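Input: a single structure, listed below in C-alpha cells.
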Amino acid sequence: MRFVTDGEEMQKIDHYTIDTLGYPSIVLMERAALAFVNCLCRELSKDERVLCVCGTGNNGGDGIAIARILYTKGYTSGFYLAGSEEKASQETKKELEMARNTGVPEYNTLDLSHVRVVVDALFGTGLCREVIGAYKDMVTKINDWRKGSERGRVWAVDIPSGLHAGTGQPLGAGIQADATVTFGLAKRGMILYPGRDIAGKVYVEDIGFPQKAIEKNRPLAHIYETSDLNRLPVRKNDSNKGSYGRLLIIAGSKDMAGAGYFAAKAASRMGIGLVRLLTPEVNRMIYQMMVPEAVLTSWTSESLTESMLCQALSWADTVVIGPGIGMQKEAEKLVYWTLKNIKIPLIMDADALNLIANHPEWLEWIPEDTVITPHMGEMARLTKSSIQILKIDPVGQALEYAKRRRLICVMKDAATVAASPAGSIYINTTGNHGMSAGGSGDVLAGVIGALISQGLTPWEAARLGVFIHGMAGDRAREMKGAYSMSANDLLDGLAHVTKRMDD
1 MRFVTDGEEM QKIDHYTIDT LGYPSIVLME RAALAFVNCL CRELSKDERV
51 LCVCGTGNNG GDGIAIARIL YTKGYTSGFY LAGSEEKASQ ETKKELEMAR
101 NTGVPEYNTL DLSHVRVVVD ALFGTGLCRE VIGAYKDMVT KINDWRKGSE
151 RGRVWAVDIP SGLHAGTGQP LGAGIQADAT VTFGLAKRGM ILYPGRDIAG
201 KVYVEDIGFP QKAIEKNRPL AHIYETSDLN RLPVRKNDSN KGSYGRLLII
251 AGSKDMAGAG YFAAKAASRM GIGLVRLLTP EVNRMIYQMM VPEAVLTSWT
301 SESLTESMLC QALSWADTVV IGPGIGMQKE AEKLVYWTLK NIKIPLIMDA
351 DALNLIANHP EWLEWIPEDT VITPHMGEMA RLTKSSIQIL KIDPVGQALE
401 YAKRRRLICV MKDAATVAAS PAGSIYINTT GNHGMSAGGS GDVLAGVIGA
451 LISQGLTPWE AARLGVFIHG MAGDRAREMK GAYSMSANDL LDGLAHVTKR
501 MDD
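Structure follows, in C-alpha cells:
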C-alpha cells in the first residue's frame with residue numbers, strides 16, 4: 001500500500017519536514033533536481049538540447065537546479081525564467097545565483113526552435129487557480145511545439161503545470177507531458193483521469209521526506225501494489241467447502257441471465273466455498289448448464305414470497321443483490337425485503353441501485369458498511385447529480401456520499417474510487433479500457449462478495465476486489481488484446497491472478 005496526496009496534503013508534509021523537523025528547503029530542492037536528472041538522463045543523449053522553463057516558485061527553483069546539474073554533467077541545457085525575479089521564492093533566488101555563477105545559459109525569450117526536450121517547471125502541486133494571461137500563452141506555445149516537433153518531448157517537474165494535484169482536472173490550460181517525475185509521494189491528480197493521460201509516464205522518486213512527516217500528516221488516499229495480494233484470505237490444507245463461506249447472489253431476470261452467471265463464476269474463481277443463485281425460474285436451465293457448481297433457488301411471480309427470501313438469507317454469510325434483476329415489481333420486492341431483513345454483509349449493484357434511486361426513502365434502511373458498486377450513470381441517479389459533475393471531483397463525490405450514508409461507495413470508472421464512511425479513500429491503478437464491456441461490473445460484484453464471505457471486512461474486500469478485478473483485466477488484455485476482451489476473459493484473468501498467490 002502506498003499513500004497518494006493532493007496539493008494541500010503534500011504542502012503539509014513539506015512544511016512539517018522543513019519547519020518542524022528542520023530539514024533545509026534547499027536540500028530537498030537539490031535532491032529533487034538530482035532525482036529528476038537521473039530519470040531524464042536514462043533516455044537523454046548529450047547532443048539533445050534541454051530548456052528548463054521555470055516559474056518563480058519552488059517548482060521553478062527545481063527547474064533551475066535541473067538545468068545547472070545537467071550543464072555540469074556535460075549536457076546542453078539552459079533555463080528560461082517566466083515571471084518577475086523579484087517575486088521569486090528565496091530558494092529559487094539561491095538557485096538562480098548558483099546557476100549564474102556556474103555559467104548555465106539563461107534565455108530572455110521562450111525560443112523552442114532548437115530545443116529537443118522541454119522541462120516544465122512553471123507551476124507545482126500547490127496550484128489551485130486557472131492558468132491565464134501570459135502563462136496560458138506559454139503553455140499553449142509549449143504544447144504546440146510538442147505536437148509539431150518530430151522528436152520533441154516534455155518532461156514535467158513534480159506535476160504538469162496547470163494540472164490540479166487533487167482532482168486530475170486541467171486548470172484552464174495545462175502542459176501535456178510525455179513523462180513526469182514527482183517527488184515523495186504520488187499525486188491523486190496523476191492517477192485520476194484525465195490527469196493520468198496528461199502526466200504521461202510517471203516516476204515517483206524518494207527525495208528524503210521522513211516517514212514521521214508522512215505519518216503526522218497522513219494522506220486520505222492510498223493505492224495498492226502487487227504485494228498487497230498477500231491480503232487475500234489464507235487457505236488451509238485442512239479445509240472443506242464450508243471453510244470458505246456461503247455467498248447468496250440475487251440476480252437475473254428474463255433475458256438477463258448473463259449478469260448472474262458472471263457474478264457467480266467470479267465468486268467461484270475467488271475461492272468461495274458455496275454460491276447460491278436466487279433467480280427467476282426462466283433462468284434455471286441456463287444456470288444449471290453454465291454454473292453447475294451453484295446452488296439454485298428459482299422463483300416465479302406466484303411463488304416469490306418474503307419467506308422464501310428470508311430462508312435464502314439465513315443460509316448465506318454475504319449477499320450480492322442487483323445484477324440483472326431488472327426494474328419490475330418482483331425486483332422491487334426483492335430489494336425491499338432484503339433491506340428489511342438483512343443481518344449479514346450486503347453488496348448492492350446495478351438494478352438494486354437504480355431501484356434505490358427510485359425509492360430514496362429506502363436509503364435509510366441500508367445497513368452501515370454495506371458496499372455499493374455504482375458506475376457513473378448509477379451514481380448520478382443516486383445523487384441526483386450529473387456524470388459531468390461527478391467526474392470533476394470523483395474522490396470528493398464518493399467520499400461525501402460514503403460518509404453521509406455510512407456505507408462503502410465503490411464508484412466505478414476508468415480510475416475507480418472507493419470511499420469508506422470513516423473517511424478513507426482508495427484509488428485504483430489497475431485495469432484498462434478493454435474492460436469497458438457488459439458483464440465487467442457483475443464480475444466485480446462477485447469478487448467482492450466472495451472476499452467478504454471468506455472473512456475480509458467489507459472495506460478491505462471492496463479495495464482488494466477492485467484491485468484484483470483490474471489486474472484480471474490487465475491479464476486478459478495480455479492474452480486477448482483490449483479490443484477483443486469480454487467479461488469471460490476477466491474470469492480467466494482472475495484465475496491467473498489468484499494462481500500467482502499459489503505460485
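At position 104 of the sequence shown (counting the first as 1) the number is 104 in UniProt numbering, and the numbers step up by one without a gap. Where a beta carbon is used, it is the ideal one built from N, C-alpha and C, also for glycine. In this text the structure is predicted, and so the values were computed from the model without any measurement.
_My output table needs one value for H164: the three-state DSSP class, helix, strand or coil._
If DSSP states are grouped into helix, strand and coil, H164 belongs with coil.
*Secondary structure at G438, three-state DSSP: helix, strand or coil?*
Looking at G438 - three-state DSSP - the assignment turns out to be coil, as it is neither helix nor strand.
*Provide the residue(s) that pair with I372 in DSSP beta bridges, ordered along the chain.*
Per DSSP, the beta-bridge partners of I372 are M348 and C409.
*Could you work out which residue in R100, R500, D197 and V417 is closest to M270 when comparing CA atoms only?*
The shortest Cα separation from M270 among R100, R500, D197 and V417 belongs to R500.
*Just grab the DSSP bridge partners of I425 for me.*
Paired residues: A221 and A419.
*Short Cβ contact (7 Å threshold) for D317 with R246*: Here D317 is near R246, since their CB atoms are less than 7 Å apart.
*Hey, is the segment 285–296 in contact with the segment 209–227, meaning 3+ C-beta pairs nearer than 8 Å?*
Judged by Cβ distances under 8 Å, the segment 285–296 makes no contact with the segment 209–227, as fewer than three pairs qualify.
*If you compare alpha carbons, which of L346, T305, N354 and P345 is closest to E330?*
Considering only alpha carbons, the answer is T305.
*Tell me whether T102 is buried or exposed, calling it buried when 16 or more other Cβ atoms sit within 10 Å of its Cβ.*
Only exposed fits T102, as fewer than 16 other CB atoms lie within 10 angstroms of its CB.
*asked:* Please state whether the Cβ-Cβ distance between G465 and T430 is less than 7 Å.
replied: Pairing G465 with T430 gives a Cβ-Cβ distance that is not under 7 Å.
*Taking Cβ to Cβ, would you say I250 is nearer than 7 Å to L334?*
Against a cut-off of 7 Å, the Cβ pair of L334 and I250 comes out as a contact.
_Whole angstroms are fine: how far does the CA of A398 sit from the CA of S424?_
Their backbone Cα atoms lie some 10 Å apart in a straight line.
_Minimum length 4: unbroken alpha helix (DSSP H) runs contained in the segment 287–345_ = Fully enclosed alpha helix (DSSP H) runs of 4 or longer: 306–315 and 329–341.
*asked:* Please report the distance separating the alpha-carbon of A165 from that of L192.
replied: Cα to Cα, the separation comes out at about 10 Å.
*Please determine if the segment 147–154 and the segment 78–92 are in contact, where contact requires at least 3 C-beta pairs separated by less than 8 Å.*
By the Cβ criterion, the segment 147–154 is not in contact with the segment 78–92, since fewer than three pairs of Cβ atoms, one from each stretch, lie closer than 8 Å.
*Hey, T182 and V204: beta-carbon distance below 7 Å or not?*
A contact, by the Cβ cut-off of 7 Å.
*Alpha-carbon to alpha-carbon, Y244 and S89*: Rounded to whole angstroms, S89 and Y244 show a C-alpha spacing of 59 Å.
*Return the CA-CA distance between T457 and A495, expressed in angstroms with no decimal places.*
Note on geometry: alpha-carbon atoms of T457 and A495 lie some 22 Å from one another.
*Is V154 near D178, with beta carbons less than 7 Å apart?*
Cβ distance < 7 Å, so V154 and D178 count as in contact.
_Proximity of L309 and E332 at Cβ, strictly below 7 Å_ = Cβ distance not < 7 Å, so L309 and E332 don't count as in contact.
*Whole-angstrom distance between S77 and L112, CA atom to CA atom*: If I take the Cα positions, the gap works out to 12 Å.
*Counting Cβ pairs, one atom from each stretch, are 3 or more of them under 8 Å apart for the segment 252–260 and the segment 204–218?*
Of all C-beta pairs linking the segment 252–260 to the segment 204–218, fewer than three are shorter than 8 Å, placing the two stretches out of contact.
*If you follow the beta strand (DSSP E) that R42 is part of, which residue opens it and which one closes it?*
Taken as a continuous stretch (DSSP letters only), R42 belongs to no beta strand (DSSP E), as it is neither H nor E.
*asked:* If I follow the unbroken beta strand (DSSP E) through E130, where does it start and stop?
replied: The continuous stretches of beta strand (DSSP E) do not include E130, and DSSP gives it neither H nor E.
*Please determine, among S161, H114 and V118, the residue with the shortest C-alpha to C-alpha distance to I132.*
I132 has its Cα closest to that of S161, out of S161, H114 and V118.
*In whole angstroms, what separates the C-alpha of D349 from that of I372?*
If I take the Cα positions, the gap works out to 6 Å.
_Beta-carbon spacing of A121, G195 below 7 Å_ = No, the Cβ-Cβ distance between A121 and G195 is not below 7 Å.
*Residues bridged to A357 (per DSSP)*: Paired residues: none, contrary to the question.
*By Cβ distance, which residues of its chain are closer than 8 Å to residue 506, with the 5 residues on each side in sequence left out?*
The requested residue 506 does not occur in the structure, where the chain is confined to residues 1 to 503.
*When DSSP labels each residue in this structure, what does R151 get in the three-state scheme?*
Of the three classes helix, strand and coil, the one that applies to R151 here is coil, per DSSP.
_Nearest by alpha-carbon distance to G126: which of K212, D14, V139 and T300 is it?_
Taking only the C-alpha atoms, the option nearest G126 is D14.
*Let me know the secondary structure DSSP gives T182 once reduced to three states.*
DSSP, read as helix, strand or coil, puts T182 in strand.
*Could you work out which residue in V104, N240 and E97 is closest to residue 515 when comparing CA atoms only?*
Residue coverage of the chain in this structure runs from 1 to 503, which leaves residue 515 outside it and unanswerable.
*Please specify which runs of the beta strand (DSSP E), each continuous and at least 3 residues long, are wholly inside the segment 7–68, giving them in chain order.*
The qualifying runs are 50–54.
*For the candidate residues A67, R116, A199 and V118, whose alpha-carbon lies nearest to that of L96?*
Considering only alpha carbons, the answer is A67.
_Y203 - partner residues in DSSP beta bridges_ = Answer by DSSP bridge pairing, in chain order: V181.
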